[in-house]
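Numbering (the working numbering), first residue to last: 5 to 117.
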């Protein structure tokens, strides 16, 4: 599923939106947790998660589109692994928020404006 974005959004914003969308599903987070340990084929992921291959393939596609996972084919098997540079970009993006100073409350809006 492609992430809908405003036409004025830059490539980093689009990339981050796709990543956060991909991270918003519990099953996809479970997939990523398993891939933190090692590269796995679809059959191993299906077994570990107790889910059908068709459902898993849908979620892996979303993770790939967000560039969070990579795949490689070996014979008839497809193996998945984390795309660590993308996670480093996510970490950098989020770390920028830690440097923000506390926000002051907004002043009340005036009626009629």
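Glycine included, every Cβ here is placed at the ideal spot set by N, Cα and C. Being a predicted model, the structure only gives us computed values, none of them experimental.
DSSP state of residue i, grouped into three classes?
| i | result |
| --- | --- |
| residue 28 | coil |
| residue 45 | strand |
| residue 104 | coil |
| residue 111 | coil |
| residue 40 | helix |
| residue 86 | strand |
| residue 5 | Reliability fails at residue 5, whose pLDDT of 49 lies under 50, so the model's placement of it is uncertain and the value that follows must be treated cautiously. DSSP places residue 5 in coil when its eight states are reduced to three. |
Between the Cα of residue i and the Cα atoms of the options, which residue gives the shortest distance?
| i | options | result |
| --- | --- | --- |
| residue 65 | 84, 54, 53 and 52 | 84 |
| residue 43 | 81, 15, 20 and 21 | 81 |
| residue 98 | 21, 110 and 14 | 21 |
| residue 16 | 96, 77, 51 and 52 | 96 |
| residue 36 | 91, 112 and 109 | 91 |
I think residue i touches residue j, with their Cβ atoms under 8 Å apart; what is that distance to the nearest whole Å?
| i | j | result |
| --- | --- | --- |
| residue 29 | residue 63 | 7 Å |
| residue 57 | residue 46 | 6 Å |
| residue 68 | residue 75 | 7 Å |
| residue 55 | residue 31 | 7 Å |
| residue 38 | residue 49 | 6 Å |
Using 9 Å as the limit for Cβ to Cβ distance, is residue i near chain E?
| i | result |
| --- | --- |
| residue 112 | Absent from the structure is chain E; it holds one protein chain and no more. |
Tell me which residues share the same chain as residue i and place their Cβ nearer than 7 Å to its Cβ, disregarding the 5 neighbours each side in the sequence.
| i | result |
| --- | --- |
| residue 87 | 71, 72, 73 and 74 |
Got a sec? Which residues, its chain only, sit under 8 Å from residue i by beta carbon, not counting five neighbours each side?
| i | result |
| --- | --- |
| residue 118 | Outside the modelled stretch of the chain, which goes from 5 to 117, sits residue 118, for which no answer is possible. |
| residue 110 | none |
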